[in-house]
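Protein chains: 2
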Amino acid sequence: MAAANKTDGAKSNPESAPPKSSSKHGKVWVYGFDQVDAAQEYCGGDWDKTRGLLGGKGANLGDMTRIGVPVPPGFTATTEACNAYQADGKFPDGMWDQVLAALKEVEAKTGKRFGDPKNPLLVSVRSGAKFSMPGMMDTVLNVGLNPEVVEGMVKLIGDDKFVYDSYRRLVQMFGSVVLGIRDEPFEEVLEVQRAKAKVAIDADLKTADLKEIVTAFKAIVLRYARIEFPTDPYEQLRLAAEAVFKSWGGKRAVDYRNATGIAHDLGTAVNIQTMVFGNMGDTSATGVAMTRSSTNGEPHLEGDYLPNAQGEDVVAGIRATRTMDDLAKDMPESYTEYAEIARRLEKHYRNMQDMEFTIERGKLWLLQTRDGKRTAQAAVRIAVDMVDEGLITAQEAVMRIQPDQLDFFLHPQFTPKSKLDAAENGTRIATGLNVSPGAAVGVVAFDADLAERWAKEDKKQVIMVRPETKPDDVHGMLAAQGILTSRGGRTSHAALVARQFGRPAVVGVSELDIDMNGRVMTVDEREIKEGDWISIDGTTGEVYLGQMETMIPDLDDPWLSKLLGWADDFRRLQVWANSDYPADAERARKYGAQGIGLCRTEHMFFEPERLPIVQKMITSTSPTERREALDALLPFQRNDFAGLFRVMDGLPVIIRLIDPPLHEFLPSFEELTNKLADGKIRLMKAGTLAEIDGILEQVEAETQMLHRVEALRESNPMLGLRGVRLGIMIPELTKMQVRAIFEAACMVQEEGIDVHPEVMIPLTSHVNELKRQREVLEAEAKTVMEEQRTEVAYKFGTMIEIPRAALTAGEMAEFAEFLSFGTNDLTQTTFGISRDDAEAGFLIDYLQQGILDDNPFATIDPKGVGRLMGIAVTEGRAVRPALEVGICGEHGGEPKSIALCHKLGLNYVSCSPFRVPIARLAAAQAALSDIKK
Amino acid sequence: MAAANKTDGAKSNPESAPPKSSSKHGKVWVYGFDQVDAAQEYCGGDWDKTRGLLGGKGANLGDMTRIGVPVPPGFTATTEACNAYQADGKFPDGMWDQVLAALKEVEAKTGKRFGDPKNPLLVSVRSGAKFSMPGMMDTVLNVGLNPEVVEGMVKLIGDDKFVYDSYRRLVQMFGSVVLGIRDEPFEEVLEVQRAKAKVAIDADLKTADLKEIVTAFKAIVLRYARIEFPTDPYEQLRLAAEAVFKSWGGKRAVDYRNATGIAHDLGTAVNIQTMVFGNMGDTSATGVAMTRSSTNGEPHLEGDYLPNAQGEDVVAGIRATRTMDDLAKDMPESYTEYAEIARRLEKHYRNMQDMEFTIERGKLWLLQTRDGKRTAQAAVRIAVDMVDEGLITAQEAVMRIQPDQLDFFLHPQFTPKSKLDAAENGTRIATGLNVSPGAAVGVVAFDADLAERWAKEDKKQVIMVRPETKPDDVHGMLAAQGILTSRGGRTSHAALVARQFGRPAVVGVSELDIDMNGRVMTVDEREIKEGDWISIDGTTGEVYLGQMETMIPDLDDPWLSKLLGWADDFRRLQVWANSDYPADAERARKYGAQGIGLCRTEHMFFEPERLPIVQKMITSTSPTERREALDALLPFQRNDFAGLFRVMDGLPVIIRLIDPPLHEFLPSFEELTNKLADGKIRLMKAGTLAEIDGILEQVEAETQMLHRVEALRESNPMLGLRGVRLGIMIPELTKMQVRAIFEAACMVQEEGIDVHPEVMIPLTSHVNELKRQREVLEAEAKTVMEEQRTEVAYKFGTMIEIPRAALTAGEMAEFAEFLSFGTNDLTQTTFGISRDDAEAGFLIDYLQQGILDDNPFATIDPKGVGRLMGIAVTEGRAVRPALEVGICGEHGGEPKSIALCHKLGLNYVSCSPFRVPIARLAAAQAALSDIKK
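Here's what the structure looks like:
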């Protein structure tokens, strides 16, 4: 917003009046809202400094005034005055005189007079620092009321209830925020009075009640603050202004600044502004509206208002609000004016605005405007429309969308029909906090073990439901489709973990009553038993009964396409995708991927028809048997690769050779020991010889497998026999993979496909590993091409996922045409943290305690991992200037990490297909930010 | 040796004759042994170039001649001649004339004439390159013999058998090395002749046999080389010299140079030297002797000789050799001359010499001298004595001892008495390769599992015996006292692993016949069954029956003390020790440690009386229970620390807070599941209710423990919840440790001890971990000191054992007074290698295949780990110039790593007490090498 307030405009505005409240001391402590130009000039034309001088609120009100938006007149005492007050314990010389002079100006503008019972001016007194700051005195309304003025106003507007209610609010607010009296005595009085009057809410109290309350409130002030409630309006004003300045140095404000790092010498301004009232009859109204739809971005006014009402009434939802279309009919002039102001404000702030307004007896006043919140869909459309309307540039549009907002277009959503049905059938049962986006459907499981068992063994879709989650529950959360809790907030364990792992989640649904013993939860007397179907919407926080229909929104949104098109023009980084299967790759290409940065060959090994062959290859003791198993795997892998190559026709495809430790393909040690123990027991119970023989045979096979599993067991498999180490120890395996790659490449090239295979060797830590493997594998590749009597252009390269590999990338680059950062493993080894263990354990505490700002597995740690990457890029390119460098760790789809990759000069980022659009946008933003510097 | 040949002496020697064999072409191709000064002058005074010109052998013979040592006269054709021969395929112009002229000089010196039957000169022809090179033609002896000369010699010396044996050797050697005829036909003739003469060895053949052999050998030459064996001595000489030059370009020599990186243009020289004979009657003799004892370094001649014998006879051991004292009695003049020469050579070469000599009819000739091999003990004494004698400087003495040689003084040895007894009782049964030093005693176990079980469960001392070892055996090797194999060499798996882990080992004992099925091994019909006691000496390779007495030699050797004293004067690095117990620390201090660099507090937790309390602390679910357990541990830890402080009075003691994951203190998951499975089975067999109750109770307790163990299980514990992460998650535990440290420090300070505790926080990877823990712990330290009403000087610091910690050491240094490199973990994370898994697995293959030159867990990897250390030192000291930086990983006791630490500017290295003397010496060598540069 600041950028919109051009200093040029301010300086050249000839109507900008000189400060009228200048005093004999020369120093200006007070600026009228209509003197913002003078304030800005005093600040050297710098709008940010002006906001520092006048505070955010004061500067904003002045800015609106400057562009001719009707704002209730008022003025601001500056933060410099506040600082002077902090130093001397009193208003600086001349300030109070300037306040009085400014008040005179306001009286002149409004035609009302402060403290005049015949036509009284009431004002609000508000604090307003540069940055919004809870912990400081906020607001006192209706300053200027005293018994005489009250009587005068009653006569004037004929609504004594309104006037007395305003009065009791003044006494209460003043007592509380200015005099520091606790809320309890005031609340007690109200409670007693409501009981006496037999009403439930304050709004139903009668004038007589309110009068009694005023009397009681004044007594409270006398008792607790030991002063009579001031009847002099000027005394009220002075005390309120002083209270604002004092609150800057109060303990809560100081603590808040310490915690958030806001400087203590900024000070707060005081804003004194004419009160306006939307509840002065049928020609009055109050409301709030956006300049465009916050839901889908359509360009029309969207909001609610209430005639003859106050702001609180709109929020409280007691009366049915009316739409802006109604306003157009009911108060056409005000509507037209409002619509015109909306256009003006949009043009001024160059963004969609969320505006509060009050119409007092037919006169429209704007009380606030700010950039409006909006959905992802609306954000995209508004940004693109504004470019088309000439309001902003395409660069600005691209910079305005948070890349992660595009998640909306990519996560499952409930179909509109299913939501409509739910509304009709009343199956929407609760709403909680929308802490992790996406729709999820599953049967309720009340503990992690059950969730995991149902999901893994029974292949059920599960929603895990708990009062709250603990680290012990993570395995269940991972197995579940979504997570629902009755307690906890946005930074609760459940929320953190769900976002971490991309599981839709709704937390803090307090209506939910979970009975863990009865295995049942209750909402509004509806019982939902364990195993019943529910649906949750992590995007909205809604919880539904039953199994709702979901859909994945695709990227056909025309505004999004346009935006991403611009992004593609601006970015320097290419965006590739991590895909293991042709279907995967197809989606990636559709989403704009320019290559495959990582195909994990071993994922294919887990498919049911292949796993037994893989296990045979691993457990075979004779070279012949192993050879046979590898020969059997070859055609599968060849077909996999051929499929990928066809989809990626014309684009590079990086295939990583086998990476995980071999025991991952075998049954687990625990599983086998349990089976064996069971076998022993079954043996003791066996009745027939045939039964015994059968069990013995099985035990024998299981024992064999156990021995092999034991031999492969490692205390730290992450740092064990995997990656290139497998290639060195079992070169037949990687040779088979390379054969499959090149046989496939030759085959599709025959079909006319433009194929660009790149063979990637994982987990190297010493150049000799790369050198030896490349020798063996390149020889195999050449053999295949000779057999096939054709040539295929290819590259060999390595992952950089071990600190030593990064530190010796110069050596690596002699034997690698490309490097690809595996930042998942690189983060594990650079931090010495096992991700699997830590993310269900101490890492969550580290984030909650603030030891780490970001989860390094989500955002690349710039000082450790990023530094190693920088060394690798620099030293690798020094040896091989054309070295292709990319990233294929999960960080490749995360905006902050993408910015780092841009800065480090990588050629591309590679991420999951679903992150490709996000990465395109983030890469563009990184490039644009770079230019800006 | 090269350094000893001062160029000054060579240049200023007025007796140095000009090259006499200069030809009309001007270029000198041949130098007499007495013309080494001219050769050196030609080489610009550079001895190294002179060695290049004359080859190592020729230069050495010339050098001895120059200083007046009686060397049989001869001359050298230069490597330049060889290169000319390689280029043109013939001797360079003038060379042969120079050879003939030089031969004339030799004739003049010896009074014999080449080819003269009346007084024949015989010569040897030998190759001699700058670097010793197998694969080249080596030696032809007795050149100059032909039928006439043979007859003349027989007349002259009256020993026809000697002359004919010399003749058949000439024909055979010439045929083989000059004419390239295979050995087999010659050997066949000898075999047939031996059979005919019914003798077992060639030496027993009669003159008649030898004559027949000569005839047969000549026939072989005719058949295979298609030439008559040359009778012209000059033809023999020419062909032999040419063969030497040709052999330089032969395939085997070229391959060897390629493999070892020797330049192909160096060329070889040819040395032609007068033959002398020690077997010409009672006034002749031949032998070899050292100038000092090679066993203990005592300064007296030590060697063997045989009167009337040839060199081969001394080596063959057929006749009993005589000592040098005998020579003094038998041939006093020769002995006196020899002793005088020994002194001269020691002074010249400034080292103990190993000299070959021959006495021909009363005339002493030196045939070779070289630096003598010696034991560690002798090496130390000789170096120190030579300083005292003014032969070398103290710096040179320090540089002459390989630090690892000091191992001798530190490893267990068999007591002299036990070796004497073994010799008497004949219990020394075999000898193999001494691949890993030290003496070990134990019962024989023939497989790794048994070795481990006996060692761990039955607390037996075990020697593991196998035909050879495989990676699967490593757990047994680690559990054993020593390793014995019947197969394998110095780089076999057994040898590598044994050296790795400091287990004494003897391998390749081929006499050993191991019957794995019968569980018995046989040596010379003696049977040794599994479980029988044996003793092995890895220092000597000897194998003994029974249980021999061992001792640890201490460091009281006065020469060693003197040497280490000098080392201490020269080194800049301090040497500290890793010690957990007072007894440990006492040894370290005795060995010269200047501080404790690492006390591992958790080692104390494993002691039997404490482990149950530790387990209670870990498994307790209530804070009160945990508190109680910690309170119970406190006094133990306080006493531990007090003991250490007392021993280290006046020196710093670094105490590391708890490091390992908590599950290490609990029973293993496998152990518990097996117990539970057993419980189920026992339950099914149980007969009485009481029995059932008992089992159920136990099962219940085991199940409880299993749950806790499961909760603590991690997939990669090395990268899991340990080190500072424990301190963050369970601050009570580290607070207890800090309390114990400071209570102990205050206590011993009261006793008058000068105490310097340093608290070390392990495994930090982010500065915030260090910052938070330090805040908590330093507060606790201050509380204790206030309670105790005293102040103790202390430091807080951290280990650097994670790459990120090294990369952010600048940040760390803001909160650390010291950094200590934990290079074990740093190597694991920098390489992404789990040491436990890899050293029993692929790492051994990596070393055998040459992918890694050194085991990075033994020697710091300079490019990865060393680079990170350098970054940490530089950036840490930039922030805190007085930062104390050391190393406490095992590398701290390894000489190459110590040199790196010196180069990086560390303050100290810390190693196991047994490595302290080695580190003192290595640190001195690092400092001296640094100065030399």
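Read top to bottom, the protein sequences are chains A and B. Counting with my numbering, you get residues 5 to 937 for the letters of the first sequence. Counting with my numbering, you get residues 5 to 937 for the letters of the second sequence. For every residue, glycine included, the Cβ atom is placed at its ideal position computed from N, Cα and C. None of the values given here were measured: they were computed from a predicted structure.
{"Asked": "Chain A contact residues for histidine 770/B, given Cβ-Cβ distances below 7 Å", "Found": "Ile855 and Leu856"}
{"Asked": "Under 8 Å between C-beta atoms of serine 180/B and phenylalanine 166/B", "Found": "no"}
{"Asked": "Outcome for proline 639/B when other beta-carbon atoms lying within 10 angstroms are tallied against a minimum of 16", "Found": "exposed"}
{"Asked": "Minimum length 4: unbroken alpha helix (DSSP H) runs contained in the segment 623–687 of chain B", "Found": "627–651"}
{"Asked": "C-beta contact flag for lysine 134/A and glycine 60/A at 8 Å", "Found": "yes"}
{"Asked": "Under 8 Å from the C-beta of isoleucine 622/B: neighbouring residues of chain A", "Found": "Neighbours of isoleucine 622/B on chain A: none; closest Cβ ~15 Å, over 8 Å."}
{"Asked": "Continuous alpha helix (DSSP H) stretch holding valine 703/A: start and end", "Found": "693–716"}
{"Asked": "Contact set between leucine 864/B and chain A, taken where Cβ atoms lie within less than 7 Å", "Found": "For clarity, residue 864/B is isoleucine in the given sequence; the question names leucine instead. Going along chain A, no residue has its Cβ under 7 Å from isoleucine 864/B, so there is no contact; the nearest lies around 12 Å."}
{"Asked": "Completely contained beta strand (DSSP E) runs for the segment 490–526 of chain A, where each covers 3 or more residues", "Found": "509–511 and 517–519"}
{"Asked": "Proximal chain A residues relative to glutamine 852/B, where beta-carbon distance stays under 7 Å", "Found": "Going along chain A, no residue has its Cβ under 7 Å from glutamine 852/B, so there is no contact; the nearest lies around 11 Å."}
{"Asked": "Chain A contact for arginine 631/B (CB, 8 Å cutoff)", "Found": "no"}
{"Asked": "Contact set between the segment 907–925 of chain B and chain A, restricted to residues whose Cβ is under 8 Å from the partner", "Found": "none"}
{"Asked": "Residue-chain proximity (alanine 263/B, chain A), Cβ-Cβ < 8 Å", "Found": "no"}
{"Asked": "Arginine 530/A burial status per 10 Å Cβ neighbour count (16 or more: buried)", "Found": "exposed"}
{"Asked": "Cut-off 6 Å between Cβ atoms - residues of its own chain near glycine 139/B, not counting five sequence neighbours on either side", "Found": "Arg256, Ala257 and Tyr260"}
{"Asked": "Cutoff 8 Å: phenylalanine 835/A Cβ touching any chain B Cβ", "Found": "yes"}
{"Asked": "Proline 735/B - DSSP class collapsed to helix/strand/coil", "Found": "helix"}
{"Asked": "Proximity test, Cβ basis, 8 Å: proline 138/B and chain A", "Found": "no"}
{"Asked": "DSSP-derived helix/strand/coil call for serine 27/A", "Found": "For serine 27/A, the pLDDT reaches just 44, beneath the cut-off of 50, and the residue's location in the model is therefore unreliable, leaving the point undetermined."}
{"Asked": "Distance CB(leucine 925/B)-CB(isoleucine 205/B) smaller than 8 Å", "Found": "no"}
{"Asked": "Proximal residues to methionine 740/B (C-beta, below 6 Å), its chain only, five neighbours per side dropped", "Found": "Leu634 and Leu638"}
{"Asked": "Continuous alpha helix (DSSP H) assignments of at least 4 residues falling wholly in the segment 168–237 of chain A", "Found": "188–201 and 211–229"}
{"Asked": "CB contact below 8 Å: threonine 707/B versus chain A", "Found": "no"}
{"Asked": "6 Å Cβ shell around phenylalanine 918/A - same chain, five flanking residues per side excluded", "Found": "Leu414"}
{"Asked": "Contacting residues, own chain, Cβ-Cβ under 6 Å from leucine 160/A (five flanking each side not counted)", "Found": "none"}
{"Asked": "Contact set between serine 838/B and chain A, taken where Cβ atoms lie within less than 7 Å", "Found": "Glu718, Ser719, Asn720, Leu723 and Gly724"}
{"Asked": "Aspartate 477/B: contacting residues in chain A (beta-carbon distance under 8 Å)", "Found": "The premise fails here: aspartate 477/B is roughly 12 Å from chain A at the closest Cβ pair, so nothing lies under 8 Å."}
{"Asked": "Alanine 289/B - partner residues in DSSP beta bridges", "Found": "Pro311/B and Ile363/B"}
{"Asked": "Per-residue DSSP class, three states only, for isoleucine 848/A", "Found": "helix"}
{"Asked": "Isoleucine 806/A versus alanine 694/A - alpha carbon distance", "Found": "54 Å"}
{"Asked": "Three-state class that DSSP yields for asparagine 429/A in the structure shown", "Found": "helix"}
{"Asked": "Secondary structure of isoleucine 386/B, DSSP reduced to three states", "Found": "helix"}
{"Asked": "Which listed residue (Thr327/A, Leu349/A, Asp330/A and Asp561/A) has its alpha carbon closest to that of phenylalanine 412/A", "Found": "Asp561/A"}
{"Asked": "Extent of the continuous beta strand (DSSP E) run through histidine 760/A", "Found": "760–765"}
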